[in-house]
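Inspection log for the structure reproduced underneath, given as structure tokens.
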Amino acid sequence: MSPLLLLSFALQIACCVHVVRTGRPLYWVFILLVFSFLAVIIYFIAEILPDLRHNPSARRTVRNLRNRIDPERDRRDAAKLLKASDTPENRRRLAEESLRSGDYAQAAELYEHALKGLYATDPDLMLGLAKAQFGLGDAQKARTTLDALIAANPGFRSADGHLLYARAVEDSGDLASALHEYETVAQGYPGEEARVRYALLLRRDGQFARARDVLQDVLDRSDAAPKYYQREQRDWIEAARRELAVLPQA
Numbered sequence: 002m003s004p005l006l007l008l009s010f011a012l013q014i015a016c017c018v019h020v021v022r023t024g025r026p027l028y029w030v031f032i033l034l035v036f037s038f039l040a041v042i043i044y045f046i047a048e049i050l051p052d053l054r055h056n057p058s059a060r061r062t063v064r065n066l067r068n069r070i071d072p073e074r075d076r077r078d079a080a081k082l083l084k085a086s087d088t089p090e091n092r093r094r095l096a097e098e099s100l101r102s103g104d105y106a107q108a109a110e111l112y113e114h115a116l117k118g119l120y121a122t123d124p125d126l127m128l129g130l131a132k133a134q135f136g137l138g139d140a141q142k143a144r145t146t147l148d149a150l151i152a153a154n155p156g157f158r159s160a161d162g163h164l165l166y167a168r169a170v171e172d173s174g175d176l177a178s179a180l181h182e183y184e185t186v187a188q189g190y191p192g193e194e195a196r197v198r199y200a201l202l203l204r205r206d207g208q209f210a211r212a213r214d215v216l217q218d219v220l221d222r223s224d225a226a227p228k229y230y231q232r233e234q235r236d237w238i239e240a241a242r243r244e245l246a247v248l249p250q251a
């Protein structure tokens with residue numbers, strides 16, 4: 002049997018299984034078995050593609066693939082929108098894309114211009130500015146911005162913002178306060194980064210036993226987590242494993 006026929010048969014079977022598992026009309030099975038490649042293409046466009054467009058995981062995968070092929074596309078699009086219409090939303094979008102692409106200087110400039118008038122204390126804009134300032138290596142300025150954010154928006158909650166605050170406090174040299182912030186954010190952070198960073202600071206402070214407990218907790222938590230979580234957190238899990246292996250016993 003030729004490779005082309007094998008591929009056609011495999012695609013037909015896969016689509017038929019999809020029909021049954023997802024409760025599609027069973028006439029699709031007849032169409033797929035009779036019309037081969039053409040039916041597979043039609044089925045994909047008519048039944049599978051719409052689901053992919055509404056599936057967050059699928060959209061994220063497509064977006065990541067597109068960003069690898071053309072990482073500056075979204076930023077170019079945002080710049081065009083801002084040039085056509087200088088609105089707060091378009092300025093925010095370009096700032097976010099600049100931040101994502103690592104152009105912290107442009108991101109900081111855009112956020113600073115956006116933080117005016119009705120948006121002078123917008124928490125998302127202030128958080129974006131703090132991220133840009135931290136990316137530029139100015140931890141103290143990022144901490145000041147986050148302090149102002151908290152003062153202006155006492156009800157605002159952001160796990161990423163809290164982690165950024167802990168990192169800014171650490172980099173500004175206030176280790177005691179940083180330990181407190183890391184301990185707090187690590188308790189509810191949706192990932193392992195906060196816990197690993199907390200352990201690293203504990204080790205730096207000479208609290209080896211506590212650092213070991215936190216790193217072991219990362220590994221235990223990850224072992225019991227679903228596979229998708231292990232994949233998403235792989236870098237931090239591996240970092241915890243490496244750090245635990247070289248951590249002094251006392």
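Counting from 1 along the sequence shown, just add 1 to a position and that's the residue number in our numbering. Glycine included, C-beta positions come from ideal geometry on N, C-alpha and C. All of these numbers come straight from a predicted model, not from anything done at the bench.
I'd like the list of long-range same chain contacts for Leu7, defined as Cβ closer than 8 angstroms, with 5 residues on each side in sequence excluded. none
Measuring only the C-alpha atoms, how far is Asp78 from Phe31? 44 angstroms
Measuring only the C-alpha atoms, how far is Gly156 from Arg204? 33 angstroms
For Asp139, count the other beta carbons within 10 Å of its own beta carbon; 16 or more makes it buried, fewer makes it exposed. Which is it? buried
So, using beta-carbon positions, are Ser37 and Ser9 closer together than 8 angstroms? yes
Helix, strand or coil at Glu137 according to DSSP, with G and I counted as helix: The sequence shown places Leu at residue 137, not Glu. Residue state, collapsed to three classes: coil.
Residue closest to Leu116, alpha-carbon to alpha-carbon, out of Ala106, Arg243, Tyr105, Gly129: Gly129
Could you tell me which uninterrupted alpha helix (DSSP H) segments, each at least 4 residues in length, are contained entirely in the region 169-234, listed from first to last along the chain? 176-189, 194-205, 209-224, 228-233
If you run the structure through DSSP and keep just helix, strand and coil, what is Leu126? helix
Local conformation of Ser3 per DSSP, three classes: coil
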